[in-house]
Every structure is written in C-alpha cells, then in structure tokens.
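Quick notes on the structure that follows.
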Amino acid sequence: MPNMSPKKNEMPTQAPDVRNKNFKEVALGYMPETAIDEAKRCLNCKHKPCVAGCPVKIHIPAFIEKMAQGDFEGAYEIIAQSSSLPAVCGRVCPQETQCEQKCVRGIKGEPVAIGRLERFAADYHNANCKTAPQKPESNGHKVAVIGSGPSGLTCAGDLAKAGYEVTVFEALHLAGGVLVYGIPEFRLPKAIVQKEIDTLKELGVTVETNVVIGKSTSIDELMESGFEAVFIGSGAGLPRFMGIPGENLKGVYSANEFLTRVNLMKAYKDEPSTPIMHASKVAVVGGGNVAMDAARCAKRLGAKDVYIVYRRSMEELPARAEEVEHAQEEGIIFKLLTNPTEILPDENRFVGGMKCVEMELGEPDASGRRRPVVKEGSEFVLDVDCVIMSIGTSPNPLIKSTTEGLAVHKWGGIIADEETGKTSREGVYAGGDAVTGAATVILAMGAGKDAAKAIDEYIQSKNKE
Amino acid sequence: MFKIVKKKELNPTVTLMEIEAPLVAKKAEPGQFIILRADAAGERIPLTIADFDRDKGTVTIIYQIVGATTKHLNSLNVGDSLTDFVGPLGQATHTEGLKKVAVVGGGVGCAIAYPVTKKLHNLGCEVHAIVGFRSKDLLILEDEFRAASNKLVIMSDDGSVGEKGLVTDALKKLIDSGEQYDEVIAIGPLVMMKFVAKLTKEYGIKTVVSMNPIMIDGTGMCGGCRLSVGGEMKFACVDGPDFDGHLVDFDEAMERASMYKDFEKHAYDAECNLFQKEVK
Ligand SMILES: Cc1cc2nc3c(=O)[nH]c(=O)nc-3n(C[C@H](O)[C@H](O)[C@H](O)COP(=O)(O)OP(=O)(O)OC[C@H]3O[C@@H](n4cnc5c(N)ncnc54)[C@H](O)[C@@H]3O)c2cc1C
Ligand SMILES: Cc1cc2nc3c(=O)[nH]c(=O)nc-3n(C[C@H](O)[C@H](O)[C@H](O)COP(=O)(O)OP(=O)(O)OC[C@H]3O[C@@H](n4cnc5c(N)ncnc54)[C@H](O)[C@@H]3O)c2cc1C
Ligand code: SF4
Ligand code: SF4
Ligand code: FES
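Going down the list, the sequences are from chains L and C. If you're matching positions, the first sequence starts at 125 in the numbering used here and goes up one per residue. If you're matching positions, the second sequence starts at -15 in the numbering used here and goes up one per residue.
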C-alpha cells in the first residue's frame, strides 16, 4: 500500500542560525526509516514520467522500489548503472525542474523526493561497501582527459571500466573541478568528491594535477605521445563583469575568485594562508546557484547583511529552489528587480556602496522571460562594503588557441556533436560546460558518459581497420 | 613533488632556487611565470621563470621575501620538495624583430627582466640594461646582466653602487644622448613602471611592462588578476603578464595590489612567531 501523504518527508537540516556560522553540511540526510517511508510514496508508474526528466535516465521507480523494501545496496546498484556520481547529483541536481517536476505525485501535492532518496542510497553505499573496485584488465589503448570536473571524471571512469588506460590532466592542484573549487563544503562535502576520485584511481586512472593543457603541453603533443583520443572537459571559463564603473575597486570579487579562496584554498579556516575579506555588508549580483553559494559563504564568514541583487523577479531566479529557500532561512536578503549601475568608492578606495536602479518586467524577450526595464527615477544607493559579481562566464581561450582545427562557436564554446561529443578534430571529443556554457553537474556527467561510449567505438573501429 | 636542487642567497632578502620541473622547463620562455604551493596548506603564489635548463629539466626562480609564503619558501633547502609547481603560464615576451632595446629593471624585478635580456642578447639584439636598487647590498645579478647586455647602467637610491638616482634618470639620459630604441621593456615595482611609461610616452617609444597583480589560479578562471588596459578589462594570467605600458592604468593596479595588506601583515607576523617558536 503506497504512502499517500501529500508531502515529502522533510529533510533534517542544521538550524538556520546555527548553520549560517559554520561550513558543515546543511542537509543532514534521511534516516533509514524515513527513506523507506518516502520510497513508499512512489506509485511505480508504468509509463515512468520521472525517468524522462532525468538527463541520464536513471531507472527511478526501480531503484525506489528497492529502497521501499529496505534494499539500499540494491537501489544503489540500479542507480549506478546510469549515474557515476549519485552522491553528488542527489545533493546538487535541480530536481524541481528535472525528475521531480515530472513525478505524478507532484500533481496533487509534492513529488516523491527522488533526489533525497538517491543521495541516501549513495551515502549508504559509500558508508557500507567495503569492497574496492577491481582494476579491469588493460586493453592497451590510451586516452587523455582534460579537466577533472564531473564531465572529465565520468568520461575517465567509464573508459577505465572498459579497459582503457586513462590519464586525467588537471590545471589546479586538486582534482574535482567546480565540485571542489566552486560548490561549498556545506552543500557538497569535499570528502564525497575525494571518494569519487579515489575510486577512479583504484580503477587505474592516473590523475596528473598541475598540468595546464595549452601551456604545459598541447592536445597535438598528447596525440603524438600515444594518446589515441582526447576528451576536453575544461569547464565554463572566465568570469564576466558588468562593465559598470567601480568594478575594479578593492572589495569587488568575481564569484569564482571569492569561492575559490573559500573552497579550494580553505580561506575560511584559520591555518591556511590564503586571505579573504571578511566584509560586513555584502552585495552578490546575480541569481544563479553560484550567487547563492557566494552569498551563503559571505554570511558564514561573518557578514551582517548579505544581499542577492537580481534584476528579474523570484520567478525567474535560476538557482535551485532548495538553495533559495535555504538562503532565505539563513537571513540572506533578496533585492529583486534591482540592477546595479555603479560601485562607489570609500575614502580608501574600497567599496563604499553600490548605486542601483529598480526594474519592472516588460514584454518577453528572446529567451521567453519578461525583459526587465528601468523604473524612472528609482535610483538608490545600497550600503555595502563588498560586491561579488556572479553574472556568468565566457569560455577560456587556452585550449582553442593552441589546438589547430578545433571549431568553436562565435561565443567561444567548443562545437561538439550533441550525442557523441565529437568535435571538428578527429579523435578529440568535448563535453560539459566547455561545450554548453555554464550548465549543471548532471548534464556535464551525461556528456562525459556519451563521449566515453563514442571514444570506445572510435578506437575499436579504428583498430579493426 | 618538485625537488629543490639549488638554493643561493642573492642578497639578504632575495633568494634563487632551482627546481626540478621537467614539464615546465620543456616549454618555458622568457616572460612566462609559474605558480607554486610550498606545502599542502600553502597559498598559491606566482613567480617569474628567471631561467630554465631544458636538458636538466630544471627551472630557476628568484624571489623576494615579502610575506608569509615567500618566508616559508625560504625556510626550505636543497633536497626538500615543493608540493605544487605549475607552468609555464602567461604569454612569452615578444622579441621578434627587435634590433635595439632598453631593458629597465627595478629591485627584484631585475630577476624578471634578466631572462628576456639574455634572450634578446642571444638573438643579436643590441641591449642596454638599466638596473636600479635601493642600495649596494641589494644589488643582484650584476655579472649576469653584464654578460647579457651591450651596456649596463647601475643606479641606486643612495649612490652606494653605480650612479645615485632613479632608473628613469638613466633612461632619460641615454635617450637624450641620442640612443634610439625600438622598444623599452620595464619590469619592477608598479611606481617605477608607471614613471618609465610616463617618460617614454613623452618620447613616443613603445614600452612593454610586466604586470604582477594578485593571482590565484593563473589559468583564467577566477578573474582576480584583472587590470584596466586602454579602458578594457584584461586578465594578466592569460592576456599578460606583458602589456603596453602606455595603456595600463597603474594607479588602479597599485590600489588593487594593496587589498590584502593588513591580512598579509598578520600572516607574516604569524609565520615569524612560528619560526621563533621553532628556534626555541
Ligand atoms: C558555485 C557553483 C555552484 C554550482 N551549483 C550547481 C548545482 O547546485 N547544481 C548543478 O547541477 N550545477 C551547479 N553548478 C554548475 C556545475 O558545477 C557545472 O555545470 C559543472 O561542474 C560542469 O562540469 P565540467 O566537467 O564541464 O567542468 P568543471 O567542473 O568546471 O571542471 C573543469 C576542470 O577543468 C580544469 N581545466 C580547465 N582548463 C584546463 C586546461 N587547459 N588544462 C587542464 N585542466 C583544465 C579546471 O581547472 C577544472 O577543474 C555550479 C557551479 C558553480 C561555479
Ligand atoms: C606574474 C607574476 C610574476 C611575479 N614574479 C615574481 C618574481 O619573479 N620574484 C618575486 O620576488 N616576486 C614575484 N612576483 C610577486 C610575488 O608573487 C609576491 O611577492 C608573492 O605572492 C608574495 O607572497 P607572500 O605570501 O610571501 O607575501 P604576501 O604576504 O602575500 O604579500 C606581501 C606583499 O606583497 C604584495 N603581493 C602579494 N601578492 C602579490 C602578487 N601576486 N604580486 C605582487 N605583489 C604581491 C602584497 O601587496 C604585500 O604588500 C610575481 C607576481 C606575479 C603576478
Ligand atoms: S540524477 Fe538528478 S535528475 Fe536524475 S534522478 Fe537523480 S536527482 Fe533526478
Ligand atoms: S513519477 Fe513519481 S510516483 Fe511515478 S514512478 Fe516516478 S517517482 Fe514514482
Ligand atoms: S589569476 Fe585567476 S584569472 Fe588570472
């Protein structure tokens, strides 16, 4: 008999006014009983609408059925057939616009908490499974992967399982991409990412940090040195700024810089030597996940007032619903329909305030969203001493400019076949944010998976000839 | 891990280290830099590639002890290893087509100016090197510069070595005496580069400066190294570090460089205390 409660089982969390002062994980995870109870809300629909909402097509009703029976390891095994980072995706997927949006239970109440169940199964597996993965027998073929974000890690993992000798090249000193330098500890504990990377190593993948492709070595040199194929998963690139006066004042950060200092360099702890500004009034400009993370980090570093300044309304806010909710609970102030026009200096040339205008929503634009227009005479100054710009990225030119014949879009993203990740260069595949522009973990992972399959087929067929 | 194979004190605050880093050495060109972390809790700091030996697979860095990280780096010795060492980063200095160049170096900036001086000299370009220091005991790389230039002028603030005065005085004198340079390359403290650029602008001589804003990743991800050049936003780690000195907004760069002053003072003192503890 299914559980017909219209509401999801609540996710236990740290209390808002406790957690906004620490960097420990906010959402604590279900207990086994809660997981079973939630799993029983699934109707095991024949036509599985939820599966169509998942970019990697996890067999959702099948894994939830196992969970309802208390067979968590069995549930994990079903998820693992389609996803290589379930502990990550269960935490950071925008479920409300993907799997859960399609769930029939959502019509008259809340959808099944698919993401939370996925997280539970993955955490259960990580805590209880003691058998290390077996290093498969090598097929003697070498593949290089550029970048160790979710796309690169997934591609490397799938190829290694198929017997390839895979080397991942990472520019930074730590592997994980945005999962380690962008998304904060309180949302995605770094131990989870490290575990995924350790698993890859056990599968025989070599991870070479401190190698910048396009500088330390190039794709052509990798191919010459015996790599038969290359996957580019180099991520979204350089932060964008607004082009308004004052953006180079002291106390203006890009979200990438702010988050890198906090997450990768651990500036929130006492010992590490990387500095970070502990501002008291912070404005974060933008409305995506990145903006929410920057705002919540600023709060945790001790800021009294933290504002999200976004030019459209709550409805258009692109961040995951759960992050917006958590941010509000933690005391982040949302200044919606507001757009900055200038950052003002104080007497020491630090940020002294931010001039803004109020906006109204006009006619829909090309993206279908209503276009914000300036409200006449609405100018005001927001009292802040730090501004974090979080308005997107533009592609990094390093790889493109050093790889002859690699076609890119006008906006700089690498052109790759949607199904296979194949680029204009033979043997070179690409996926994730480097191809799509800033997107999501699950899409990057899916792209890495598709490319791994295509690379396998490419190398197999090439060696048959 | 990247092993230290040589360490030499050039003056009381400036040290040279040769590091085993074959991949970096293979590609390094004058004008490029590396980013290192001395240990796993360390800050990422950028340092210019002062020299390299492709056969030995080593890279030389020369650093001034200014803060916590450089102080810690200086506590390491031959045989110790650095945790991270990535490069070569940034664009190499353009040297094509240059026939006569004045290289102006200030303080530890001379370490950055030396490799390009040597390269130009090897390419057969006539090089006049003007190097400035606060005083005699801070003078570095004198023999190296002498060997790699057609003319070497040493300046010091107090006159204890070479001539008393600023590097801009020496450059002006040379230009006024009729020397015609295709280009001036100026590397040193921001104020020095600002005034060299101001001077050469009056004479209409193209001037390249090497900018050293605060950096983190050095790969074009964080945007921390941004500068205003000719009214446009540039990222020193991917677009630079060399820029047209007549277009750089030096005042803004100087402001941004001072952003963490207080914090760094604190970290430096903490590191010093740590050393005192260790000594006891
Ligand atoms: C703060 C923040 C929060 C986010 N929150 C969410 C969320 O809640 N949910 C969600 O689904 N998505 C979220 N995203 C988006 C998601 O993280 C990205 O879409 C995803 O990480 C993209 O994966 P990727 O593999 O394409 O690249 P990345 O994760 O960006 O990894 C690329 C890696 O390549 C390396 N690299 C780059 N150039 C080179 C080179 N030349 N040589 C060697 N290595 C190189 C980089 O250093 C990096 O490690 C967030 C992003 C950010 C920044
Ligand atoms: C491309 C590039 C090349 C460089 N090459 C050299 C070199 O060859 N030799 C050398 O001695 N130094 C060089 N620097 C400067 C060097 O990176 C800094 O001195 C170093 O980061 C200081 O670290 P710290 O922790 O010891 O000092 P901190 O305590 O971090 O800083 C001490 C002082 O140095 C200043 N400072 C901090 N970071 C930087 C920075 N990135 N650049 C300039 N000043 C900074 C601060 O304003 C402060 O006043 C270079 C910088 C760049 C960006
Ligand atoms: S991977 Fe994401 S979209 Fe797919 S089922 Fe899990 S939470 Fe839903
Ligand atoms: S749509 Fe909802 S109820 Fe139906 S199978 Fe999927 S998760 Fe279960
Ligand atoms: S140092 Fe981060 S973009 Fe240049």
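Beta carbons are placed, not taken as given, at the ideal position from N, Cα and C, and that holds for glycine.
Excluding five sequence positions before and after Cys209/C, the CB atoms of its chain that fall closer than 6 Å to its own CB belong to Pro197, Met199, Phe219, Ala220, Cys221, given in chain order. By the CB criterion at 7 Å, Gly411/L and Leu441/L fall inside the cutoff. For Arg240/L, the enclosing alpha helix (DSSP H) stretches over residues 238 to 252.
Taking the CA atoms as reference points, Val354/L sits about 14 Å from Asp574/L. Where Arg215/L is concerned, the enclosing alpha helix (DSSP H) starts and stops at 210 to 216.
Exclusion of the five residues before and after Leu231/C leaves Val213, Gly214 as the residues of its chain whose Cβ lies within less than 7 Å of its Cβ.
The DSSP assignment places 167 to 171, 191 to 194 as complete runs of the beta strand (DSSP E) inside the segment 147 to 208 of chain C, in order along the chain (cut-off: 3 residues).
If you look at Lys148/L, you'll find it isn't in any alpha helix (DSSP H); DSSP assigns it neither H nor E. Only buried fits Met513/L, as 16 or more other CB atoms lie within 10 angstroms of its CB. Around the Cβ of Gln258/L, a 10 Å sphere holds fewer than 16 other Cβ atoms; the residue is exposed.
Listed as beta-bridge partners of His112/C by DSSP are Ala86/C, Lys135/C. Short note on Phe382/L: C-beta not closer than 6 Å to any heavy atom of ligand 5. Remark: the C-beta of Ile202/L is outside contact range of ligand 3, defined as less than 6 Å to any heavy atom.
Restricting attention to Val50/C, Gly108/C, Arg130/C, Ala5/C, the CA atom closest to the CA of Asp39/C is found in Ala5/C. Excluding the 5 residues flanking it on each side, Pro173/L has same chain C-beta neighbours closer than 8 Å at Lys226, Cys227, Val228, in chain order.
Rounded to the nearest whole angstrom, the CA to CA distance from Ala186/L to Val448/L is 30 Å. When DSSP states are grouped into helix, strand and coil, Arg420/L belongs to the helix group.
One thing to note: Thr462/L has its Cβ within 7 Å of the Cβ of Glu482/L. For Gly93/C, the uninterrupted alpha helix (DSSP H) run begins and ends at 93 to 106, by DSSP. Contact annotation: in the segment 193 to 207 of chain C, residues whose CB is within less than 7 Å of a CB in chain L are Ile200, Asp201, Thr203, Gly204, Met205, Cys206, Gly207. Excluding its 5 nearest sequence neighbours in each direction, Tyr248/L has C-beta neighbours in its own chain below 6 Å: Phe196, listed in chain order.
The segment 381 to 465 of chain L is shown to contain whole beta strand (DSSP E) runs of 3 or more residues at 405 to 409, 429 to 433, 457 to 459, in chain order. With a threshold of 16 other beta carbon atoms within 10 Å, Val50/C falls short and is exposed.
In the same chain as His533/L, and ignoring 5 residues on each side of it, the C-beta atoms closer than 8 Å to its own belong to Ile539, in chain order. Comparing alpha carbon positions, the residue from Ile231/L, Val236/L, Glu543/L closest to Gln219/L is Val236/L. In the DSSP assignment, Val222/C falls within the unbroken alpha helix (DSSP H) covering 220 to 223. Contact note: Met217/C reaches chain L through Phe365, Gly367, Glu371, Asn372, using a C-beta cutoff of 9 Å and chain order. Along the segment 68 to 82 of chain C, going in chain order, the ones with a CB nearer than 8 Å to a CB of chain L are Asp68, Phe69, Val70, Gly71, Pro72, Leu73.
Using a Cβ-Cβ cut-off of 8 Å, Leu7/C is close to Val335, Ser340, Thr341 of chain L, given in chain order. Distance from the C-beta of Pro136/L to the nearest heavy atom of ligand 1 is not below 6 Å. For Ser212/C, the neighbours in chain L by C-beta distance under 7 Å run, in chain order, Asn372.
In chain order, the residues with a C-beta atom nearer than 7 Å to some heavy atom of ligand 5 are Leu362/L, Glu381/L, Met199/C, Ile200/C, Asp201/C, Gly202/C, Thr203/C, Gly204/C, Met205/C, Cys206/C, Gly207/C, Gly208/C, Cys209/C, Phe219/C, Ala220/C, Cys221/C, Val222/C. When secondary structure is reduced to three states using DSSP, Glu482/L falls in the strand class.
Residue contact with chain C for Pro399/L: present (Cβ-Cβ distance below 7 Å to some residue of chain C). For Glu27/C, at least one C-beta of chain L is nearer than 7 Å to its own C-beta. One thing to note: Thr544/L has its Cβ no nearer than 7 Å to the Cβ of Ala554/L.
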